[in-house]
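Adding 7 to a residue's 1-based position in the sequence shown gives its number in my numbering.
All residues carry an ideal CB built from backbone N, CA and C; glycine is no exception.
Just so it is clear, the structure is predicted and the values come from calculations on it, not from any experiment.
Read through the structure below, which is laid out as structure tokens, and then see the notes.
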Amino acid sequence: MRRQLLLMLVLCGMAYAQAGLDTLPGFFAGSGPRGIYVVWQGPAMSSWNPTGEGYIGFNVYRKGGTDKEFRKINPRVVSTVESASEMKGILGARLPLWQLFLKAPDADSVYRIVRNSPQKIRAWAAFDVNMLQVLGIAYLDRDIKRGEKYTYRIALVKKDGSETAPSGEFLVEAGKPPRQLFGPINLKAKGGDRSVEIKWNPNPKDTMGFVYNVYRATKERGEYLLITERPIAIFATEEQKGALEGTFVDNDVVNGITYYYKLTSLDFLENESPLVGPVSATPKDLTPPPPPQHPVAVGSVRGIAISWEKSKANDVKGYWIYRAKKFDGEYTRLSTIPVPPDTGLYEDVTVEANKQYFYKITAIDFSGNESEPSAPCFSSFQNYVPPLPPQNVKAEATAPKEITISWNPNTEKDLKGYYVFRAFRPDGKFEQISHLIPKDTTSFKDKDKTLSAKSTYFYAVTAINQTGVMSAYSSVAVVQAMDTTGPMQPLGFHGWWDKAGVHLLWDPSMDPTTSGWAIYKAEGKVRSNKLSDYTLIKTLQENFKSFIDTDVKRGKSYTYRLVAVNSDGYMSEPTPPLTIFTGGATKNPPSIIRLLKKKDGILVTWDGTRENAVKGYIIYKSVGGATYSKLTELDVNSTSFLDKDVKKGELYYYYITTFDENKKEGLPSNRISITY
8 MRRQLLLMLV
18 LCGMAYAQAG
28 LDTLPGFFAG
38 SGPRGIYVVW
48 QGPAMSSWNP
58 TGEGYIGFNV
68 YRKGGTDKEF
78 RKINPRVVST
88 VESASEMKGI
98 LGARLPLWQL
108 FLKAPDADSV
118 YRIVRNSPQK
128 IRAWAAFDVN
138 MLQVLGIAYL
148 DRDIKRGEKY
158 TYRIALVKKD
168 GSETAPSGEF
178 LVEAGKPPRQ
188 LFGPINLKAK
198 GGDRSVEIKW
208 NPNPKDTMGF
218 VYNVYRATKE
228 RGEYLLITER
238 PIAIFATEEQ
248 KGALEGTFVD
258 NDVVNGITYY
268 YKLTSLDFLE
278 NESPLVGPVS
288 ATPKDLTPPP
298 PPQHPVAVGS
308 VRGIAISWEK
318 SKANDVKGYW
328 IYRAKKFDGE
338 YTRLSTIPVP
348 PDTGLYEDVT
358 VEANKQYFYK
368 ITAIDFSGNE
378 SEPSAPCFSS
388 FQNYVPPLPP
398 QNVKAEATAP
408 KEITISWNPN
418 TEKDLKGYYV
428 FRAFRPDGKF
438 EQISHLIPKD
448 TTSFKDKDKT
458 LSAKSTYFYA
468 VTAINQTGVM
478 SAYSSVAVVQ
488 AMDTTGPMQP
498 LGFHGWWDKA
508 GVHLLWDPSM
518 DPTTSGWAIY
528 KAEGKVRSNK
538 LSDYTLIKTL
548 QENFKSFIDT
558 DVKRGKSYTY
568 RLVAVNSDGY
578 MSEPTPPLTI
588 FTGGATKNPP
598 SIIRLLKKKD
608 GILVTWDGTR
618 ENAVKGYIIY
628 KSVGGATYSK
638 LTELDVNSTS
648 FLDKDVKKGE
658 LYYYYITTFD
668 ENKKEGLPSN
678 RISITY
């Protein structure tokens, strides 16, 4: 498969005339971060491998800075290095990469290729200016001052020291790359299992950018660190279809963490573009844990206790228990809450006495992956003398979605531990919500996500001994969960557009728990009720009653929603979608329309606009929603209209538009309906 290298040679400067640069035949010069490179465009030369004319290298002459006249700046003739150690000093950390590329076992083998077959790597050296120096094709002038301009020319040298006439001149400003670099385009990131794949396309404007660096951060506005060991080159093949695409896979990631990536492009002089991006992705665990080992089932006083060897995987979230009435029967999951990972015991209290049951256990991880089931185990139910119920049981709401249950320790010598149960009413059924709690522990935290401040919960605790005999329920502790209700929905949300941007306004909060506001935005006319379809653009403190969105373009529609937030971070219901058109002063309809049934008709009300150019409103009506006709035209001060032309039992639809002094109408409002 033939590599299409011509594109790379053009980008690297081997054919600068095609790139539109004002160059001279034979050589060119360009500034990089380490200095100014002077590059001979001919073959590699050396005393043992002279050209047909006998040239063994070239000398570099420069004027500029403190030099008013041209002077030779290279201490010796620029030619292929004469030893492997000199090559090592120039290539540094890049030497192992060249060994890998050339399939050379060591540095001496690389040098033999450089010395004996320089043209074999001449083209590939375009990717590494350090190798161009090794070949004697490039010379690095470090003795420069940023911002100063320098003029270069070269002369080819023969073995006897004689030189050709000087070449033409090449003017370079130190610190200024030959071409501006823009960075790649169409960045994409996709999370895998402990990996993130980043893809991009070359920027057509990047005429000299041909390799890329990848940077990463764990916060969007955090510090981005270089993660590629070396710049990544993109090649095209004869089979290439579609746009050229670069790919990098970051395997140094942790599942569940969001990573942000930015990229740069570099030219062959090692100049680097500004950072482009970011794009983000979250790697996710896709590998299930191993199945639980050595399951055992034994009869207990309240049912059957199933135990197993706890998983050694470090990401196990808990276990599911499955039961069947036959060895090869259908296994049904028993528990509604996973058994915690730090225990290996579950008691099935729903069995009937003297009947045999079969059990299998699976492990689940924090990503929701479930293992294969364990080997089956079986047992039957038996009864024994129970211990005393735990005493002084208390329940307290200690955090949102968290209730702590505590009790006095039992004194039985053969005590094994405790279970906590919950019910939803005084005479309701208690359900086990805890794993086996060790006998030295006398508290448990109920962190069920369904806990609600609107409900009262009833808790009881039982004790269990070493033979599996369980006590009766303790006295019941009653508690309400902590209130996590959000504040009241914002009122009066409306807006308009002018040259300053989109003006958004709302009424002061009537809810004393409101501590701030969150504004969400989506491009276009969006009617989705999902806040996830919008982007958070601004958070404000409670004393703000307006905001101007300047990040808009003329002739576009934008949809906004406002949410109130309290000091605990809980949010209200969002306001209805508010769509603003930025193409003219009268394009936006009323944001909120209401329909009320009255004795003498249907009352249509709306929130008036504050746009200066609006002169009035037009109400449209339809019977059944098929065809709309103009109902009435009202002045700008009107915010209601009573439609008396209605019949009982009919379904009516309405919408409203605004108009300006030229009677030009704006966009229609939402269509709303009511049955009279």
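Residue span of the beta strand (DSSP E) that contains residue i, given as start and end
i, result
"Leu543", "Thr542 to Gln548"
"Tyr353", "Leu352 to Asp355"
"Tyr159", "Lys156 to Lys165"
"Gln398", "It is not in any beta strand (DSSP E) - Gln398 carries neither H nor E in the DSSP assignment."
"Ile311", "Ile311 to Glu316"
"Tyr5", "Residue 5 is absent from the structure shown; the chain starts at 8 and stops at 683."
"Ile151", "Element bounds for Ile151: n/a, residue is neither H nor E."
"Tyr527", "Thr521 to Glu530"
Residue i versus residue j: straight-line alpha-carbon distance, rounded
i, j, result
"Thr664", "Leu547", "31 Å"
"Pro494", "Ser386", "53 Å"
"Lys206", "Gly33", "38 Å"
"Glu549", "Gly229", "28 Å"
"Trp131", "Glu530", "47 Å"
"Gln363", "Val261", "45 Å"
"Val221", "Asn258", "13 Å"
"Leu109", "Asp556", "57 Å"
"Leu352", "Leu543", "45 Å"
"Ser116", "Ser53", "18 Å"
"Lys670", "Gly590", "16 Å"
"Lys183", "Ile120", "34 Å"
"Leu658", "Ser579", "32 Å"
"Gly263", "Met477", "40 Å"
"Gly656", "Lys604", "12 Å"
"Asp667", "Val653", "29 Å"
"Val356", "Asn415", "24 Å"
"Lys70", "Thr235", "38 Å"
"Arg678", "Phe588", "18 Å"
"Lys622", "Arg432", "60 Å"
"Pro397", "Gly435", "20 Å"
"Val17", "Glu170", "No answer about Val17 holds up, because its pLDDT of 34 lies below 50 and its placement is not dependable."
"Arg561", "Leu641", "28 Å"
"Thr214", "Phe242", "15 Å"
"Trp7", "Phe65", "With the chain covering 8 to 683 only, the question about residue 7 has no answer from this structure."
"Leu674", "Leu585", "12 Å"
"Thr87", "Leu233", "32 Å"
"Lys452", "Pro302", "27 Å"
Beta-bridge partners of residue i, as assigned by DSSP
i, result
"Val218", "Ala240 and Leu273"
"Trp207", "Gly253"
"Lys195", "Lys206"
"Leu511", "Gly502 and Phe554"
"Tyr146", "Val45"
"Phe189", "Per DSSP, none; premise fails for Phe189."
"Val438", "For clarity, residue 438 is Glu in the given sequence; the question names Val instead. According to DSSP, Glu438 bridges with Arg429."
"Ile128", "Paired residue(s): none; Ile128 is not in a bridge."
"Ser636", "Lys628"
"Glu170", "Val164"
"Arg601", "Thr612"
"Arg340", "Tyr329"
"Thr369", "Trp327"
"Asp74", "Gly71"
"Tyr661", "Lys628 and Ile679"
Whole-number beta carbon distance between residue j and residue i, since they are thought to touch under 8 Å
i, j, result
"Val141", "Ile97", "5 Å"
"Ala470", "Pro394", "4 Å"
"Phe437", "Tyr464", "Phe437 to Tyr464, Cβ: 11 Å. No contact."
"Lys456", "Glu409", "In fact, because the Cβ distance is near 10 Å, the residues do not count as touching under 8 Å."
"Pro296", "Ser314", "Incorrect: roughly 18 Å between the Cβ atoms, too far for contact."
"Val509", "Tyr565", "6 Å"
"Thr612", "Phe500", "With 8 Å as the limit, Thr612 and Phe500 do not qualify as a contact, their Cβ atoms being about 16 Å apart."
Start-to-end residues for the alpha helix (DSSP H) that takes in residue i
i, result
"Phe648", "Note, Phe648: premise wrong, no alpha helix (DSSP H); beta strand (DSSP E) at Ser647 to Asp650."
"Trp105", "Leu102 to Leu109"
"Glu93", "Ala91 to Leu98"
"Asp115", "Ala114 to Asn123"
"Gln140", "Val136 to Val141"
Open item on the list: For the pair the region 328–338 and the region 422–431, tell me if three or more CB-CB distances fall below 8 Å.
Closed with: The region 328–338, when compared against the region 422–431, does not touch it at the 8 Å Cβ threshold.
**Prompt:** Per the contact definition of three or more C-beta pairs closer than 8 Å, is the region 521–540 in contact with the region 622–631?
**Reply:** no
Taking contact to mean 3 or more Cβ pairs, one atom from each stretch, closer than 8 Å, check whether the region 499–513 and the region 554–570 are in contact. yes
Say whether the region 143–160 touches the region 173–183, bearing in mind that this needs 3 or more beta-carbon pairs closer than 8 Å, one atom from each stretch.
yes
>> When you compare the region 160–174 with the region 189–196, are there three or more beta-carbon pairs, one atom per stretch, that lie closer than 8 Å?
In response: no
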